[in-house]
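Mapping of the sequence shown onto UniProt numbering: residues 1 to 806, in sequence order.
Where a beta carbon is used, it is the ideal one built from N, C-alpha and C, also for glycine.
All values reported here derive from a predicted model rather than from experimental measurement.
Data first, discussion second: the structure below is written as structure tokens.
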Amino acid sequence: MTPRPRPKKAAVMLWVFGGGFYSGTATLDVYDPKILVSEEKIVYVSMQYRVASLGFLFFDTPDVPGNAGLFDQLMALQWVKDNIQYFGGNPHNVTLFGESAGAVSVSLHLLSPLSRNMFSQAIMQSGAASAPWAIISREESVIRGIRLAEAVHCPHSKTDMGPMIECLRKKSADELVNNEWGTLGICEFPFVPIIDGSFLDEMPIRSLAHQNFKKTNILMGSNTEEGYYFILYYLTELFPKEENVGISREQYLQAVRELNPYVNDVARQAIVFEYTDWLNPDDPIRNRNALDKMVGDYHFTCGVNEFAHRYAETGNNVYTYYYKHRSKNNPWPSWTGVMHADEINYVFGEPLNPGKNYSPEEVEFSKTIMRYWANFARTGNPSQSPNGELTKVHWPVHTAFGREYLSLSVNSSGTVGHGLRVKQCAFWQKYLPQLIAATTRNPISDLVASLLERASAYLKEQGLDPFIYDKFEAGYALPVPSLFNVNLDVSDVRLFGLSNIVINRLSYGILSQRLTFDFSIPEIVFELGDLNLDVVVLSHLMQGKANGKKTSKMKSWIILAAIVGLSQARPEFSNTILDPNADSQSRDSVIEQLLISALEDLRQGMLTGSESYPVLDPYVTDSFTLDGSNYGFPQASIEFLDLTFSNLSTFVVQDASINLISLFAQRYRITLDIVVPELKAEAGHYDLKLQANDFDITGEGPATLTLKEGRIYGTIIARIRVGLGGVSINIESTDLKLGLGGFEPNFQNLFNDPGASIFANTFLKHLVPDLVELYEPEISAFINSLLPNALNGFITELRAAKNSRD
């Protein structure tokens, strides 16, 4: 929806509806945007996406890869980016906002390498990817899909999914949706996102911990009584929809068991202890309210707080709120307070509708909320409008050390708090997991532990230590076809140390009926007879032979790669890239070393130029335009002509990595962070246009500036294939940028016009870290040369290892 008259480059707000990923639509009356658009002159867009099994069924097959609903949202983002300019919107200033599962979706777009660059900033209301219900494991998702197939009378064999999938395709949408639920706990929704290796390549909590997310402004928060809405529908007998509901102590203890079915008795007692009001543990009102806070903290508030805190730790501008206003015309019993989703009416301006019976104070409150949300969409700051006007109440930035938040209600708006429910969230996120890990035991785990201990003794009793193979053959190939293949055959192989079994972890899920155990053998010593080894690298054959008895602790990583299927041993070696059982962190570190080595080799190539390295010092671009709407100046722009960057070759590599994000599609993500200590930029000419307070400021002339430090950083998504013809790289998307690394440039001598100088000292200082995007052909050539050279370094190591064995 576009305001009238149609604006030019207005801020865009793109709404994602909620509903637990199992229900909802963008056309609900409560999402009517007419008042919000009319009051704030923003361009509003909403999207539809598939939900429930239609949107999130997952069988780990090409036909049912999961996350279809998220890919629907991705298509909507792409459409807005490509077309919103024709509706008066600014494609470079799109704010994604949503509530509940919609907020979880927004946060997942902040984390996804596929969508994080398609919007500018984000608002998340009562939801985040760090919520416990936001993601389920791939295994659990498959089990739920099989249960659905069984419920609609389809074949449901896990080992032969083809007939099951074909049968499900023939079922009506109604039949599928009506048979989805089964027996699930509170806030457990049947089909939700999973880590698919394409849209999401790691768990959200890991992405947050490793700062693998879009660096931008975010606004998020939760409501005071988040839990009651779900408790009312889950514990219907205890919580009738009437006034004066109380909960006895016995009912409270039973409800804690019902609401926390997957924890052991010790953990459950800890939850009871944490949420009991010990001044009066039998108070029925306090017991009732404690259940609300228990559910609300765990499923909503603490996840929001964790996401905000992780963002704040990296220096992003974060604004958090605690919504406390209960509407005058709220139809729910008064004790339900301010429930999940109660803020939506005020965000969309419903109180301004005269037919809705809101009080005058609530009308003004809704105007305040709309202004906060729209200001954030326009400038990235809820307190500041594009013309510099500030709201009556200043909304402070949420910092990692102060954890500031703003209370939002008719009576208490403007109150700044610190550390919202920080003690309760520490209980759920720090104390309780450790307590569960320390106290969880079950008979099946004990039985498996006993069997492994007996197996250790049995190996010795039966003379199976050492364990002897007359002949052993093995083969190994890297995931990229034709890149690296090993074939090995060894005679008279003897393995010592197999009986020294150490149990690391044992667990059994009663509901899933899955046993998980991890055991290791500290050291295996191999005694080898005759050895024949063939190594094929990029279709080049290398051969090696060794004769006679040799005893080795397997420091040779080529041999380890060949026999890795024989044991879980971790002998000392550095080249874990070839070990499919090595942890990903070790493997990634090797690839990072190769990539950094290739970048270091780039220094001289950038100065002299070669077939592999184009001359990039100096790097020249004809022109680029900075749009002020991205920085809170919608009527400002500056165009630089004949811009030249020099001293690029003095760069220092801070971080470089390459990660496989989709084995099936052979898709990789390359992450770069390069510092240029003395970056210089010169522009032959600039053209400035600025409109403010009904008068225009223009300027043009030569421009020269020197930056203390610059950064080339960002990500590249590419498909990499290796065949007989060599390496083929198809770059799908790039997000490389040249930033200022946190240093403010000196623009004092950039402009002669006084008005232009004012503009330079305000607008241009907001450029960190978005000075200019690099999409030029020379950069593409650099990237196309980057990976082959990394692979060449890898091949050199292979040859060196072979020569050392010969």
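Candidates the options: closest to residue i by CA position
| i | options | result |
| --- | --- | --- |
| Glu389 | Leu406, Arg403 and Arg371 | Arg371 |
| Phe239 | Gly349, Thr644, Gly18 and Ser334 | Ser334 |
| Thr25 | His398, Lys241, Pro7 and Tyr49 | Tyr49 |
| Phe230 | Leu291, Asp196 and Leu435 | Leu291 |
| Ala718 | Ser198, Ala68, Asp174 and Tyr405 | Ser198 |
| Phe87 | Leu432, Ser53, Pro7 and Leu648 | Pro7 |
| Val652 | Glu39, Ile674 and Ser646 | Ile674 |
| Met161 | Val64, Thr379 and Leu408 | Val64 |
| Leu28 | Glu350, Glu166 and Asp196 | Glu350 |
| Leu643 | Thr650, Phe189, Glu39 and Asp617 | Asp617 |
| Asn329 | Asn316, Asp82 and Tyr346 | Tyr346 |
| Ala377 | Phe97, Ser366, Ala101 and His153 | Phe97 |
| Pro284 | Glu258, Leu253 and Phe300 | Leu253 |
| Lys34 | Asn353, Ser409 and Ser172 | Asn353 |
Span of the alpha helix (DSSP H), counted from its first residue to its last, around residue i
| i | result |
| --- | --- |
| Gly162 | Met161 to Arg169 |
| Ala255 | Arg249 to Leu259 |
| Glu140 | Arg138 to Ala151 |
| Leu96 | Premise fails: Leu96 lies in the beta strand (DSSP E), Gly89 to Glu99, not in any alpha helix (DSSP H). |
| Ala10 | That residue, Ala10, is in no alpha helix (DSSP H); its beta strand (DSSP E) goes Ala10 to Val16. |
| Thr379 | Pro360 to Thr379 |
| His309 | Cys302 to Glu313 |
| Val80 | Ala68 to Asn83 |
Residue range of the beta strand (DSSP E) that includes residue i
| i | result |
| --- | --- |
| Gln125 | Gln121 to Gln125 |
| Pro204 | It is not in any beta strand (DSSP E) - Pro204 instead sits in the alpha helix (DSSP H) that spans Pro204 to Ala209. |
| Gly55 | Note, Gly55: premise wrong, no beta strand (DSSP E); alpha helix (DSSP H) at Ala52 to Phe56. |
| Glu40 | Segment Lys34 to Glu40 is the alpha helix (DSSP H) holding Glu40; no beta strand (DSSP E) there. |
| Ser46 | Val43 to Ser46 |
| Met220 | Ile218 to Asn223 |
Within-8 Å CB hit, residue i to chain D
| i | result |
| --- | --- |
| Gln429 | Checking the listed chains, one finds no chain D in this structure; it contains a single protein chain. |
Backbone CA spacing between residue i and residue j [nearest angstrom]
| i | j | result |
| --- | --- | --- |
| Phe348 | Asp282 | 41 Å |
| Asn179 | Ala151 | 6 Å |
| Gly402 | Gly419 | 7 Å |
| His156 | Phe21 | 24 Å |
| Lys241 | Lys41 | 40 Å |
| Tyr275 | Lys392 | 37 Å |
| Val397 | Ile143 | 43 Å |
| Gly414 | Ala426 | 26 Å |
| Cys187 | Leu232 | 12 Å |
| Gly246 | Val45 | 43 Å |
| Asn117 | Val272 | 44 Å |
| Ile716 | Asn90 | 24 Å |
| Pro677 | Trp373 | 38 Å |
| Pro3 | Val338 | 31 Å |
| Trp181 | Ile146 | 12 Å |
| Ala76 | Leu14 | 9 Å |
| Leu149 | Pro190 | Before going on, a small fix: residue 149 reads as Ala here, not Leu. In a straight line, the C-alpha of Ala149 is about 13 Å away from that of Pro190. |
| Arg249 | Ser112 | 45 Å |
| Asn375 | Asp277 | 41 Å |
| Val94 | Tyr31 | 18 Å |
Whole-angstrom C-beta distance between residue j and residue i, which should lie under 8 Å
| i | j | result |
| --- | --- | --- |
| Gly221 | Gln125 | 7 Å |
| Phe213 | Ser141 | Phe213 to Ser141, Cβ: 23 Å. No contact. |
| Ser130 | Gly303 | 4 Å |
| residue 812 | Ile344 | Absent from the structure is residue 812, since the part of the chain shown begins at 1 and ends at 806. |
| His394 | Ser383 | 5 Å |
| Ile135 | Ile194 | 7 Å |
| Val37 | Ser105 | Not quite, the Cβ-Cβ distance comes to about 22 Å (not below 8 Å), so this is no contact. |
| Val263 | Ile436 | 6 Å |
| Cys154 | Leu168 | 6 Å |
Cβ-based burial, residue i [other Cβ within 10 Å; buried from 16]
| i | result |
| --- | --- |
| Asp297 | buried |
| Asn357 | exposed |
| Val43 | buried |
| Gly185 | exposed |
| Pro433 | exposed |
| Lys170 | exposed |
| Glu226 | buried |
| Asp174 | exposed |
| Leu208 | buried |
| Asp265 | exposed |
| Gln424 | buried |
Near the ligand MG: residue i beta-carbon under 7 Å from a heavy atom
| i | result |
| --- | --- |
| Ala26 | Questions concerning the ligand MG fall outside what the structure shown contains, since it holds no ligand whatsoever. |
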